[in-house]
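Take the sequence shown: its position 271, counting from 1, is numbered 271 in the UniProt record's numbering, and each next residue is one higher.
Ideal Cβ positions, reconstructed from N, Cα and C, are used throughout, including at glycine.
Small disclaimer: the values here were computed from a predicted structure and weren't measured.
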Amino acid sequence: MIVLTLTVLLVLLLVSVPVAATLIVLGLFLDEFFSPFPLVNAMGDVLWTASNSFLLIAIPLFILLGEILVRTGIAKGTYRALESWFSWLPGGLLHANVATATLFSATSGSSVATAATIGTVAIPQGKDLKYDQRLFTGSIAAGGTLGIMIPPSINLIVYGFLTETSIPQLFAAGMIPGLLLALLFVVGTALICLWRPSLGGPSTHHSWAERFSGLRHLVPVLLLFGIVVGSIYAGWATPTEAASLGVIGAMVIAAAMGKLSKSVVMEALEGTMRTTGMIMLIIMASYFLNFVLASAGITRELTSFLESAGLGPYSTLLMIIAMYIILGFFIETLSLMVITIPIVAPIIISMGFDPVWFGILLILLIEMALITPPVGLNLYVVQGVRQGGSFNDVMVGALPYVAMMLLMAIALVLFPSIALFLPELLN
Numbered sequence: 001m002i003v004l005t006l007t008v009l010l011v012l013l014l015v016s017v018p019v020a021a022t023l024i025v026l027g028l029f030l031d032e033f034f035s036p037f038p039l040v041n042a043m044g045d046v047l048w049t050a051s052n053s054f055l056l057i058a059i060p061l062f063i064l065l066g067e068i069l070v071r072t073g074i075a076k077g078t079y080r081a082l083e084s085w086f087s088w089l090p091g092g093l094l095h096a097n098v099a100t101a102t103l104f105s106a107t108s109g110s111s112v113a114t115a116a117t118i119g120t121v122a123i124p125q126g127k128d129l130k131y132d133q134r135l136f137t138g139s140i141a142a143g144g145t146l147g148i149m150i151p152p153s154i155n156l157i158v159y160g161f162l163t164e165t166s167i168p169q170l171f172a173a174g175m176i177p178g179l180l181l182a183l184l185f186v187v188g189t190a191l192i193c194l195w196r197p198s199l200g201g202p203s204t205h206h207s208w209a210e211r212f213s214g215l216r217h218l219v220p221v222l223l224l225f226g227i228v229v230g231s232i233y234a235g236w237a238t239p240t241e242a243a244s245l246g247v248i249g250a251m252v253i254a255a256a257m258g259k260l261s262k263s264v265v266m267e268a269l270e271g272t273m274r275t276t277g278m279i280m281l282i283i284m285a286s287y288f289l290n291f292v293l294a295s296a297g298i299t300r301e302l303t304s305f306l307e308s309a310g311l312g313p314y315s316t317l318l319m320i321i322a323m324y325i326i327l328g329f330f331i332e333t334l335s336l337m338v339i340t341i342p343i344v345a346p347i348i349i350s351m352g353f354d355p356v357w358f359g360i361l362l363i364l365l366i367e368m369a370l371i372t373p374p375v376g377l378n379l380y381v382v383q384g385v386r387q388g389g390s391f392n393d394v395m396v397g398a399l400p401y402v403a404m405m406l407l408m409a410i411a412l413v414l415f416p417s418i419a420l421f422l423p424e425l426l427n
């Protein structure tokens, strides 16, 4: 039954059936052939339960916050400011790509929004300065993945919702691994460019006056980060309330900068509704599928298989990591999360692993899926912003960053305190 379920799932995705429709169709298929009860009669209640959560309101709010930053051009000033501080390193603007993505991730909550914004700002400069397009576009795609690790993160909210794990603790746990991964990207990029200087570009030097004068462009992003994350850990707001404060703050900042207009607001709202609709349909459809999987006994089968395999906790964890890496090649990241978490998380937690720590490890594996073909979403986003050139350039350029993510995953398994230090400190 498990093999047949995976086969039907992959076939539907490979023939380009929309993800939400794929999950619903698979649920109906399993209900028809493997369930002794007509589970379709419960679809309405299941879909309503999946969508009727106050916590999920944070998703459109964080998306709207990112949309406002994109539409108002705040990221352009951020990129120029960080360029003056990082472009002297071997690789030049490659480090500005990663640094800007890191800072922007602290407000957007979305990898796609981060990659699209940085790509729009950086790619024209990279072309003008004759950068090698492989590593340049790869650094943008990889930097964009930080959007779901560094808080606030939509994917961490989804994980917390599906596993009933504390969102503030997940946000705290993602901070240090996210910053360490960004640092690993910078160091790895510098080493690659020292080894093969042709893959980088010209290192540029700016005066200290230019660097310090550019810091004013970082104020809006840092202020928004303080509003959103600071209000959560000060105990003033829940994640959902903090997201609404972030939206208000972004609109006030954009208005003060003279960049807020009716057209900007309408475009931001339209983009928010489109993205939110996609995410919510996937979450609702996955809830129905998981309900069918549990009722038809597939969840019990998988659990029994893992338990009867006689594997220890770390062998099971290694098998699950390998599963996520393989599935990440073929399944869109949010879908991968909502399909697997209700099955995998209880198994991992029952073996004594911390749910907060596993959430961060899972997000890291999801980040890898964002830049691995053929379904790596950030690769397509960067290629779309690029508007020309070979898609292979983006794929090849992202491969070194996949290796760096694997190193980070190994570090998280060997040293869980990387993720757990801040949550334990804040408790």
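### Query
When every heavy atom of the ligand SAM is checked, does at least one fall within less than 7 angstroms of the C-beta of M257?
Within the structure as shown, the ligand SAM is missing, as the structure has no ligands at all.
### Query
Sorted by chain position, which residues of the same chain lie with C-beta nearer than 7 angstroms to I232's C-beta, five sequence neighbours on each side aside?
Counting from 1 along the sequence shown, the entry for residue 232 is found at position 232. Counting only Cβ-Cβ distances below 7 angstroms, and skipping sequence neighbours, we find P168, F171, P239, A242.
### Task
Just the C-alpha distance for F397 and L135, rounded to the nearest angstrom, thanks.
For the purposes of this step, residue 397 is taken as residue 397 along the sequence shown, with counting starting at 1. For the purposes of this step, residue 135 is taken as residue 135 along the sequence shown, with counting starting at 1. The sequence given here places Gly at residue 397; Phe does not occur at that position. Rounded to the nearest angstrom, the two C-alpha atoms are 4 angstroms apart.
### Query
In the structure shown, what three-state DSSP assignment does Q125 receive?
For the purposes of this step, residue 125 is taken as the residue at position 125 of the sequence shown. Note: Q125 maps to helix in three-state DSSP.
#### Entry: S417: first and last residue of the uninterrupted alpha helix (DSSP H) it sits in
Within the sequence shown, residue 417 is the residue found at index 417, counting from 1. Counting along the chain, the alpha helix (DSSP H) containing S417 begins and ends at 417-426.
### Three-state class that DSSP yields for D354 in the structure shown
Your numbering for residue 354 matches position 354 in the sequence shown. It is coil, neither helix nor strand.
### Task
Helix, strand or coil for Q387, going by three-state DSSP, please let me know.
Residue numbering aside, residue 387 sits at position 387 when the sequence shown is read from its first letter. Under the three-state reduction of DSSP, Q387 is assigned to coil, being neither helix nor strand.
### H205, DSSP secondary structure in three states
One-based indexing of the sequence shown puts residue 205 at position 205. Here H205 sits in coil by DSSP.
#### Entry: Coarse secondary structure for I371, derived from DSSP in three states
Along the sequence shown, read from residue 1 onward, the residue named residue 371 stands at position 371. I371 falls in the coil class under three-state DSSP.
### Query
Can you list, in chain order, the residues of its chain whose CB lies under 6 angstroms from that of I325, leaving out five sequence neighbours each side?
By one-based count along the sequence shown, residue 325 stands at place 325. Around I325: no qualifying Cβ.
### Message
Assuming V15 is part of the alpha helix (DSSP H), what are its boundary residues?
### Response
Translated into positions along the sequence shown, residue 15 becomes position 15. First-last for V15: undefined, no H or E at that position.
### Task
Helix, strand or coil for P220, going by three-state DSSP, please let me know.
Taking the sequence shown and counting its residues from 1, one reaches residue 220 at position 220. Three-state DSSP puts P220 in a helix.
### Task
Might you give, ordered along the chain, the residues of its own chain that have their beta carbon closer than 7 angstroms to the beta carbon of L426, omitting 5 neighbours on each side?
Position 426 of the sequence shown, counted from the first residue, corresponds to residue 426. Same-chain partners within the cutoff: A172, Y233.
### Query
Hey, quick one: how far does the alpha helix (DSSP H) through R80 stretch, first residue to last?
Counting from one through the sequence shown, the residue named residue 80 turns up at place 80. For R80, the enclosing alpha helix (DSSP H) has its first and last residue at 74-86.
### Task
May I have the straight-line CA-CA distance separating N41 from S105, to the nearest angstrom?
Counting from 1 along the sequence shown, the entry for residue 41 is found at position 41. Counting from 1 along the sequence shown, the entry for residue 105 is found at position 105. Near 42 angstroms, if we compare the C-alpha coordinates of S105 and N41.
### Message
Closest to L162 by C-alpha separation, out of L399, S390, V356, would be which residue?
### Response
Indexing the sequence shown from 1 puts residue 162 at position 162. Across the set L399, S390, V356, the C-alpha of V356 shows the shortest separation from the C-alpha of L162.
### Query
Among A115, L64, V8, N52, which residue has its Cα nearest to the Cα of E267?
In the sequence shown, residue 267 corresponds to position 267, counting from 1. Nearest C-alpha to E267: L64.
### Query
Going by beta carbon distance, what residues of the same chain come within less than 7 angstroms of residue 451, once the five residues before and after it are set aside?
Residue 451 lies beyond the residue range present for the chain, which begins at 1 and ends at 427; the question has no answer from this structure.
### Query
Which whole-angstrom value is the C-beta distance of residue 432 and T100, which I expect to be below 8 angstroms?
Absent from the structure is residue 432, since the part of the chain shown begins at 1 and ends at 427.
### Message
According to DSSP, simplified to helix, strand and coil, what is L89?
### Response
Counted from its first residue, the sequence shown places residue 89 at position 89. It is coil, neither helix nor strand.
### Task
Count the C-beta pairs between the region 143-154 and the region 410-418 that are closer than 8 angstroms, then say yes if the count reaches three, no if not.
With a cut-off of 8 angstroms on Cβ pairs, the region 143-154 is not in contact with the region 410-418, counting fewer than three such pairs.
### Task
Tell me whether F185 sits in a helix, a strand or coil according to DSSP, three-state version.
Along the sequence shown, read from residue 1 onward, the residue named residue 185 stands at position 185. Annotated three-state conformation of F185 is helix, per DSSP.
### Message
I believe Q125 touches L94 by the beta-carbon criterion, under 8 angstroms. Please report the beta-carbon distance rounded to the nearest angstrom.
### Response
The residue you call residue 125 lines up with position 125 of the sequence shown. The residue you call residue 94 lines up with position 94 of the sequence shown. With a Cβ gap of about 11 angstroms, Q125 and L94 do not count as contacting.
### Task
Measure how close the beta-carbons of L9 and L26 come, nearest whole angstrom, since I'm counting them as under 8 angstroms.
Locating residue 9 in the sequence shown gives position 9, where the first residue counts as 1. Locating residue 26 in the sequence shown gives position 26, where the first residue counts as 1. Between L9 and L26 a beta carbon distance of about 6 angstroms is seen, short of the 8 angstroms cut, so the two are scored as contacting.
### Query
For W48, which of A296, Y287, G73 has the nearest alpha-carbon?
Reading the sequence shown from its first residue, position 48 is the one you call residue 48. Closest option to W48, Cα to Cα, is Y287.
### Message
How far does the alpha helix (DSSP H) with Y48 in it extend, from its first residue to its last?
### Response
For the purposes of this step, residue 48 is identified with residue 48 of the sequence shown, where counting begins at 1. First, the amino acid is wrong: residue 48 is Trp here, not Tyr. 43-51 is the span of the alpha helix (DSSP H), which, as asked, contains W48.
### Message
Which of the three DSSP states is assigned to E164 in this structure?
### Response
For the purposes of this step, residue 164 is taken as residue 164 along the sequence shown, with counting starting at 1. It is coil, neither helix nor strand.
### Message
Could you compute how far the alpha carbon of I253 sits from the alpha carbon of L318?
### Response
Taking the first residue of the sequence shown as position 1, residue 253 is located at position 253. Taking the first residue of the sequence shown as position 1, residue 318 is located at position 318. The alpha-carbon atoms of I253 and L318 are separated by roughly 46 angstroms.
### Task
Go ahead and label S84 buried or exposed: buried means 16 or more other beta carbons lie within 10 angstroms of its beta carbon, across all protein chains shown.
Locating residue 84 in the sequence shown gives position 84, where the first residue counts as 1. It is buried - the Cβ of S84 has at least 16 other Cβ atoms within 10 Å.
### Pair within 8 angstroms by beta-carbon distance, I366 and T333
Locating residue 366 in the sequence shown gives position 366, where the first residue counts as 1. Locating residue 333 in the sequence shown gives position 333, where the first residue counts as 1. The Cβ atoms of I366 and T333 lie closer than 8 angstroms to each other.
### Message
On the DSSP letters alone, give me the boundaries of the alpha helix (DSSP H) that G271 sits inside.
### Response
Here the question's residue 271 lines up with position 271 in the sequence shown. The continuous alpha helix (DSSP H) containing G271 extends over residues 262-296.
### Message
Taking the beta carbon of Q133 as the centre, do at least 16 other beta carbons fall within 10 Å, making it buried, or is it exposed?
### Response
Translated into the one-based positions of the sequence shown, residue 133 becomes position 133. So Q133 counts as buried.
### Alpha-carbon to alpha-carbon, I339 and E32
As a first step, residue 32 is located in the sequence shown; it is residue number 32 there, counting from the start. As a first step, residue 339 is located in the sequence shown; it is residue number 339 there, counting from the start. Taking C-alpha positions only, E32 is separated from I339 by approximately 19 angstroms.
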